[in-house]
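Engineer: Each protein sequence line maps, in turn, to chains A and B.
Heads up: the first sequence at position 158 corresponds to 158 in the UniProt record's numbering, and the numbers run straight through without jumps.
Heads up: the second sequence at position 17 corresponds to 17 in the UniProt record's numbering, and the numbers run straight through without jumps.
All C-beta atoms, glycine included, are put in the ideal place defined by N, C-alpha and C.
Predicted, not measured: the structure shown is a model, and the values here were computed from it.
Dropping a structure here in structure tokens format, bear with me for questions.
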Amino acid sequence: MSAHGHADGHLPHDPEKATLEGRNKILGFWLFLGAETVLFGTLFSAYLALRHNVLDGPHPAELFQLPMVFAATMILLTSSLTSVFAVQALHHHKVKAMINWLIVTIVLGLGFLGLEIYEFYHYVQEGHGFTTSAFSSSFYTLVGFHGAHVAFGVLWIGLLIGQIFKKGLTVVTAPKIYVSAIYWHFIDVVWVFIFTVVYLMGKVG
Amino acid sequence: MENNQSTEQPTKRHKVEGPQKHIVAFVMSLALTIIAFAAVAAGEINTTFVYIILVTMAVIQVFVQMSFWMHLKDKGHLYPIIGIVAGVFVVFTMVIMAEYWVWW
Numbered sequence: 001m002s003a004h005g006h007a008d009g010h011l012p013h014d015p016e017k018a019t020l021e022g023r024n025k026i027l028g029f030w031l032f033l034g035a036e037t038v039l040f041g042t043l044f045s046a047y048l049a050l051r052h053n054v055l056d057g058p059h060p061a062e063l064f065q066l067p068m069v070f071a072a073t074m075i076l077l078t079s080s081l082t083s084v085f086a087v088q089a090l091h092h093h094k095v096k097a098m099i100n101w102l103i104v105t106i107v108l109g110l111g112f113l114g115l116e117i118y119e120f121y122h123y124v125q126e127g128h129g130f131t132t133s134a135f136s137s138s139f140y141t142l143v144g145f146h147g148a149h150v151a152f153g154v155l156w157i158g159l160l161i162g163q164i165f166k167k168g169l170t171v172v173t174a175p176k177i178y179v180s181a182i183y184w185h186f187i188d189v190v191w192v193f194i195f196t197v198v199y200l201m202g203k204v205g
Numbered sequence: 001m002e003n004n005q006s007t008e009q010p011t012k013r014h015k016v017e018g019p020q021k022h023i024v025a026f027v028m029s030l031a032l033t034i035i036a037f038a039a040v041a042a043g044e045i046n047t048t049f050v051y052i053i054l055v056t057m058a059v060i061q062v063f064v065q066m067s068f069w070m071h072l073k074d075k076g077h078l079y080p081i082i083g084i085v086a087g088v089f090v091v092f093t094m095v096i097m098a099e100y101w102v103w104w
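Now the structure itself:
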């Protein structure tokens, strides 16, 4: 009856932290995120230093469309909420609910990517290609790198769902789900700075 | 292993976390985002003042999300905090350099 009975085949309460391997995985992932922070920091620095060098290309203020950026922001913010719901379902050992929330997260991630691809396509039409200016190169590198992280997250979480179907929720698979959710939140955190520094500050001038 | 999915009876000893605090974090993020966009969309405001609003809103939002959604406020997260703060420190120096020193 007791949910604390690990021996009877039940999962412990926080299955992601139940084993040393799981705890180490989470710690190691945080150190990786520290390095990721520096990686994005270099790209932000390059963008900040080069954003005024537009040559003959369009200026940030005349290029960016705030409604589209706002929509993308809402999609990513909501997907962050659904991925934390997935982790809550994991803590409650509700595998079905967890998978459903992960699927919603993936769908929202794909929606974000679709919007970003459309946005880039639109910019290229406006004469804002990758090699147009230092501004455009640093812009596409920074925002594109973030988009690549979203694409990787979608792929990763998709594979994890497959693994859950195959192996079920165990003390081995739970840390993977937990860590992928942390990764997804990190992507959203990076986006907060992108919409602030790149889009909103670019619009202000 | 088959009954992994049926262990849903929480005991009183273990507090069951509800979705409330995460929804609060979501609403806060939403409000901070809307304030930031509104400050830009409004126009006609002093540029430096808008910059201050934007950076403040972003920092608060990231703090909220890292505390609640990334669980940094939970116990046992000292080393993760040290790791991420070390990263932020490096970024801070780089951003200062890029923004103020590169074209000096």
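1) Check this for me: beta carbons of A/S80 and A/D14, under 9 Å apart or not?
2) Can you give me the Cβ contacts of A/L169 inside the same chain, cut-off strictly under 6 Å, excluding the 5 residues immediately before and after it?
3) Helix, strand or coil for residue 208 of chain A, going by three-state DSSP, please let me know.
4) Would DSSP call A/V172 helix, strand or coil?
5) Considering only residues of the same chain and omitting the five flanking positions on each side of B/I53, which have a CB-CB separation below 8 Å?
6) Span of the alpha helix (DSSP H) holding A/I106?
7) Is DSSP giving A/T131 helix, strand or coil here?
8) Where does A/G114 land, buried or exposed, given buried means 16+ other C-beta within 10 angstroms?
9) Thinking just about the alpha-carbon of each residue, which of A/V179, A/F152, A/I106, A/S83 is nearest to the one in A/L27?
10) Pick out whichever of A/F139, A/T132, A/G111 has its Cα sitting closest to the Cα of A/M68.
11) Whose CA, out of A/A174, A/Y183, A/V171, A/F139, lies closest to the CA of A/G153?
12) Going by the beta-carbon positions, is the gap between A/P58 and A/G205 smaller than 9 Å?
13) Here's the rule I'm using: 16 or more other beta-carbon atoms within 10 Å means buried, otherwise exposed. How should B/Q65 be labelled?
14) Say yes only if the C-beta of A/L113 is nearer than 8 Å to one or more non-hydrogen atoms of the ligand FMN, and no if none qualify.
15) When we look at the beta-carbon of B/I45 and count the other beta-carbons within 10 Å, is it buried (16 or more) or exposed?
16) So within the stretch 40-75 of chain B, which uninterrupted beta strand (DSSP E) runs reach at least 3 residues, ignoring any that extend past its ends?
17) Would you mind telling me which residues of chain B sit closer than 7 Å to A/G34, beta carbon to beta carbon, in chain order?
18) Report all residues from its chain with a CB closer than 8 Å to the CB of A/F197; omit the five preceding and five following residues, and keep chain order.
19) Around the Cβ of B/V24, are there at least 16 other Cβ atoms within 10 angstroms (buried) or fewer (exposed)?
20) Establish whether the CB of B/E44 and some CB of chain A are separated by less than 9 Å.
21) For the stretch 74-84 of chain B and the stretch 25-39 of chain A, state whether three or more C-beta atom pairs, one from each stretch, are separated by less than 8 Å.
22) Where do the ends of the alpha helix (DSSP H) carrying A/K25 lie?
23) Starting from the beta carbon of B/V40, find every residue of chain A whose beta carbon is closer than 9 Å, and list them in chain order.
24) Whose CA, out of B/V91, B/S29, B/K75, lies closest to the CA of B/V62?
25) Tell me which residue opens and which closes the alpha helix (DSSP H) that A/Q65 is part of.
26) With 9 Å set as the bound, which would you pick, yes or no: does the beta-carbon of B/A31 sit closer than that to a beta-carbon of chain A?
27) From A/V38 to B/F92, what does the alpha carbon distance come to, in whole angstroms?
Structural biologist: Taking the structure as given:
1) no
2) V95
3) Since the displayed chain A opens at 1 and closes at 205, residue 208 of chain A lies outside it and no answer follows.
4) coil
5) I35, A36, A39
6) 95-125
7) coil
8) exposed
9) A/V179
10) A/G111
11) A/Y183
12) no
13) buried
14) With respect to the ligand FMN, the structure offers nothing, as it holds no ligand at all.
15) exposed
16) none
17) G83, I84, A86, G87
18) For the sequence presented, residue 197 of chain A should be read as Val rather than Phe. Hits under 8 Å: F44, Y47, L48.
19) exposed
20) no
21) yes
22) 20-50
23) L66, Y199, L200, M201, K203, V204
24) B/S29
25) Per DSSP, A/Q65 belongs to no alpha helix (DSSP H) and is neither H nor E.
26) no
27) 9 Å
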